[in-house]
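Here's the structure, in structure tokens; my notes come after.
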């Protein structure tokens with residue numbers, strides 16, 4: 001669970017999913033007024049999700065930036081030694097993209113649309129990482145995963161083969 | 162028009178003979194309609210999928226290498242795999258055989274024991290069904306064959322996670338204009354737009370569908386899929402186009418499950434890109450296996466004049 005800067009509120013991934021639903025339920029007018037603030041909040045949520053992954057694996061989340069965003073640096077850190085974690089690489093980049101679209105949008109329609117897309121992408125990251133944490137004890141689930149038996153004998157090392 | 166990949170060996174893999182029969186049917190149908198002969202690999206075997214790879218990645222390399230050796234023996238220099246999992250595994254085997262001495266040694270040992278020639282890297286290029294169409298006929302070839310076209314059907318193109326990852330096993334991608342992108346793939350968008358579709362901006366085109374979660378953690382899979390379906394609808398899509406049988410089946414099954422378990426109904430339809438290309442070329446829905454999908458898309462297709 002990570003506390004948001006300047007806020008008394010602490011959110012875990014479940015809390016983030018609920019907060020995303022709250023933002024999604026806001027009418028367009030409200031979203032348009034607060035779009036940049038909400039986009040920043042969602043970017044932070046993405047960081048919190050990745051921090052949760054890193055902390056669960058006994059890592060210390062970096063404060064570095066990659067291409068100007070801590071989110072991308074955290075993803076790169078989280079994927080080290082876990083190739084299947086790259087399955088959320090583009091999801092993180094898409095969060096950054098939608099964040100930039102919100103900042104650069106020239107009208108409320110584009111701003112609201114990007115903000116609502118950002119909600120879905122952040123939600124996807126949160127679901128993906130929570131799923132990864134859920135099955136961590138079973139080994140990497142993903143198709144691009146490392147083998148389950150990394151230190152033991154493999155079939156191809158057995159005398160019969 | 163490029164002549165590249167005009168004649169390819171065809172590796173359907175297990176999924177296209179099972180849950181993804183409509184992908185197999187529509188791939189063969191559009192090959193015929195476009196004048197692109199394909200020849201199925203003789204006596205092919207499993208690519209190693211995710212199950213073998215998780216237990217013993219070198220064994221997966223051997224299994225995929227055997228398929229590549231069959232293609233070579235049949236006189237082909239390229240093998241086309243429509244399934245993202247098969248495509249990924251054959252590409253990975255090629256990469257491992259080129260870069261890892263231990264993979265070469267084990268593949269040679271197992272090939273000798275199985276009594277067939279050992280495949281050497283660099284002899285056969287593995288391509289996806291998207292590369293096959295894009296390289297052989299391209300957008301212009303599609304436009305030439307289209308009859309009524311897809312009539313502005315709004316499509317979210319969903320590539321899944323294995324078509325572009327990990328980057329290093331796809332050296333032909335990210336090579337500048339015209340090549341496929343691993344961060345923002347576009348081949349399916351290009352081909353379907355050439356067939357008259359209107360591809361929408363879709364922020365989750367390479368996001369995880371939770372396919373490998375399906376049995377161990379169904380609720381997470383359902384939530385991931387639901388989010389993809391809702392994002393597609395929010396993007397304005399009538400249809401999600403797929404090019405991976407695992408993703409396709411996951412989207413269909415979890416669309417139903419999302420309604421049952423979470424009361425969340427989505428209307429977006431799910432079709433293989435090969436089915437959509439076939440329909441654009443005037444093939445009947447039955448000819449491209451629409452009746453074999455779980456997603457009931459016929460009413461929409463009829464409404465659009467495609468059924």
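Residue numbers (the numbering used here), protein chains in the order written: chain A, 1 to 161; chain B, 162 to 468. Glycine included, each C-beta is placed from N, C-alpha and C at the ideal position. Keep in mind it's a predicted model, so treat the numbers as computed, not measured.
Residue i versus residue j - alpha carbon distance
i: residue 235(B); j: residue 179(B); result: 25 Å
i: residue 138(A); j: residue 39(A); result: At residue 138(A), the pLDDT of 42 sits below 50, so the modelled position is not reliable; the number obtained from the coordinates is stated separately. About 35 Å.
i: residue 321(B); j: residue 14(A); result: 25 Å
i: residue 339(B); j: residue 328(B); result: 17 Å
i: residue 73(A); j: residue 65(A); result: 5 Å
i: residue 34(A); j: residue 324(B); result: 37 Å
i: residue 237(B); j: residue 251(B); result: 15 Å
i: residue 177(B); j: residue 210(B); result: 13 Å
i: residue 165(B); j: residue 36(A); result: 48 Å
i: residue 117(A); j: residue 167(B); result: 39 Å
i: residue 181(B); j: residue 406(B); result: 6 Å
i: residue 174(B); j: residue 101(A); result: 41 Å
i: residue 278(B); j: residue 245(B); result: 26 Å
i: residue 461(B); j: residue 399(B); result: 8 Å
i: residue 48(A); j: residue 59(A); result: 13 Å
i: residue 449(B); j: residue 156(A); result: 41 Å
i: residue 345(B); j: residue 289(B); result: 16 Å
i: residue 169(B); j: residue 241(B); result: 6 Å
i: residue 452(B); j: residue 184(B); result: 12 Å
i: residue 148(A); j: residue 108(A); result: Because the pLDDT of residue 148(A) is 45, which lies under 50, any placement of that residue in the model is unreliable, and the number read from its coordinates should be weighed accordingly. Answer to the nearest angstrom: the Cα atoms are 49 Å apart.
i: residue 408(B); j: residue 104(A); result: 33 Å
i: residue 271(B); j: residue 298(B); result: 38 Å
i: residue 395(B); j: residue 365(B); result: 11 Å
i: residue 50(A); j: residue 447(B); result: 46 Å
i: residue 119(A); j: residue 367(B); result: 17 Å
i: residue 71(A); j: residue 94(A); result: 11 Å
i: residue 239(B); j: residue 286(B); result: 4 Å
i: residue 414(B); j: residue 375(B); result: 10 Å
i: residue 347(B); j: residue 274(B); result: 42 Å
i: residue 218(B); j: residue 243(B); result: 22 Å
i: residue 356(B); j: residue 306(B); result: 9 Å
Chain C within 8 Å of residue i, Cβ atoms only
i: residue 46(A); result: This model lacks chain C altogether, as its protein chains are A and B.
Beta-carbon proximity list for residue i, same chain, < 7 Å, skipping 5 on both sides
i: residue 308(B); result: 442 and 443
i: residue 371(B); result: 381, 382, 385, 386 and 411
i: residue 62(A); result: 73, 74 and 77
i: residue 373(B); result: 211
i: residue 226(B); result: 254, 258, 268 and 280
i: residue 393(B); result: 317, 363, 401 and 429
i: residue 425(B); result: 387 and 419
i: residue 332(B); result: none
i: residue 115(A); result: 31, 35, 38, 39 and 102
i: residue 468(B); result: 446, 459 and 462
i: residue 354(B); result: 360
i: residue 349(B); result: 291, 318, 320, 402, 404 and 434
Sequence-distant residues of its chain with Cβ nearer than 8 Å to residue i (five each side left out)
i: residue 91(A); result: 121, 124, 125 and 128
i: residue 79(A); result: 85, 86 and 89
i: residue 466(B); result: 309 and 312
i: residue 213(B); result: 207, 220, 221 and 224
i: residue 352(B); result: 291, 294, 295, 300, 303, 434 and 438
i: residue 45(A); result: 11, 16, 19, 20, 122 and 126
i: residue 112(A); result: 28, 31, 32 and 35
i: residue 204(B); result: 231
i: residue 143(A); result: Bear in mind that a pLDDT of 46 at residue 143(A), under 50, signals an unreliable position, so the number given afterwards is only what the model happens to contain. Once the five neighbours on either side are set aside, the close Cβ partners of residue 143(A) are 84.
Neighbourhood of residue i by C-beta distance below 6 Å, restricted to the same chain and skipping five residues each side
i: residue 282(B); result: 255, 258 and 259
i: residue 284(B); result: 233
i: residue 358(B); result: 311, 314 and 316
i: residue 343(B); result: 325, 328, 334 and 335
i: residue 479(B); result: The requested residue 479(B) is not part of the displayed model; chain B covers only 162 to 468.
i: residue 454(B); result: 183
Residues that residue i bridges to, as DSSP identifies them
i: residue 66(A); result: 69(A)
i: residue 75(A); result: Answer is none; residue 75(A) lacks a bridge partner.
i: residue 132(A); result: DSSP, once it has assigned bridges, lists no residue as partnering residue 132(A).
i: residue 94(A); result: Its beta-bridge partners do not exist; DSSP assigns none.
i: residue 107(A); result: Paired residues: none, contrary to the question.
i: residue 402(B); result: 318(B) and 432(B)
i: residue 287(B); result: 240(B)
(request) Specify whether the stretch 410-420 of chain B and the stretch 373-387 of chain B touch according to this definition: at least 3 beta carbon pairs, one from each stretch, less than 8 Å apart. (result) yes
(request) Could you say if the stretch 439-457 of chain B and the stretch 184-195 of chain B meet the contact criterion of at least three C-beta pairs nearer than 8 Å? (result) yes
(request) Can you check the stretch 225-260 of chain B for any beta strand (DSSP E) of at least 3 residues that lies completely inside it and give the ranges in chain order? (result) 239-242
(message) To test your reading of the DSSP string, which unbroken alpha helix (DSSP H) runs of 4 or more residues are found completely within the stretch 343-372 of chain B?
(response) 348-355
(request) Go through the stretch 183-231 of chain B residue by residue and report every complete run of the beta strand (DSSP E) that reaches 3 residues or more, in order. (result) 199-201
(message) As an exercise, report each continuous alpha helix (DSSP H) stretch of at least 4 residues that is fully enclosed by the stretch 414-466 of chain B, in chain order.
(response) 434-441 and 459-464
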